[in-house]
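Count along the sequence shown from 1, then add 2; that gives the number in our numbering.
One structure is given here, and the rest of the page talks about it.
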Amino acid sequence: MSEKVLKEIIQRAVEDEAFRGLLFSNPQEALKGYDLTAEEIKTLSDLNEDNFDEFAGGLGDRTTKGWLPS
Numbered sequence: 003m004s005e006k007v008l009k010e011i012i013q014r015a016v017e018d019e020a021f022r023g024l025l026f027s028n029p030q031e032a033l034k035g036y037d038l039t040a041e042e043i044k045t046l047s048d049l050n051e052d053n054f055d056e057f058a059g060g061l062g063d064r065t066t067k068g069w070l071p072s
C-alpha cells in the first residue's frame with residue numbers, strides 16, 4: 003500500500019466526518035478514485051469507529067516498521 007495514499011485517506015477521514023462515515027458504512031464507495039489493491043481495500047474496510055483512532059494514531063509507528071503490504 004502506498005504510504006502516501008494511506009495517509010491521504012486517513013487524513014481525509016480525520017478531517018471530514020461525512021467521508022469517515024462513508025468509509026465505515028460503504029468503503030467501496032468511499033475508496034473510489036484511489037489507486038488501491040483489493041487487499042488494501044480490505045484493510046481499510048476493516049476500520050470502524052472503535053479501531054479507527056488507534057489505527058490513525060499509530061500510523062507513523064506502523065509505517066516505519068514495515069507493516070504495510072507491498
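Each residue gets a CB set at the ideal place from its N, CA and C atoms; glycine is no exception.
Measuring CA to CA, which of the options is closest to residue i?
i	options	result
residue 31	47, 56, 57, 55	47
residue 4	18, 20, 43, 53	43
residue 53	33, 38, 15, 34	15
residue 49	23, 37, 17	23
Report back the beta-carbon spacing between residue i and residue j to the nearest angstrom; my notes put them in contact at under 8 angstroms.
i	j	result
residue 56	residue 26	With 8 angstroms as the limit, residue 56 and residue 26 do not qualify as a contact, their Cβ atoms being about 14 angstroms apart.
residue 40	residue 12	Not confirmed; about 19 angstroms, so no contact.
For this session: Could you pull out every unbroken alpha helix (DSSP H) segment of at least 4 residues lying fully inside the segment 18-49, listed in chain order?
Result: 19-27, 29-32, 40-47
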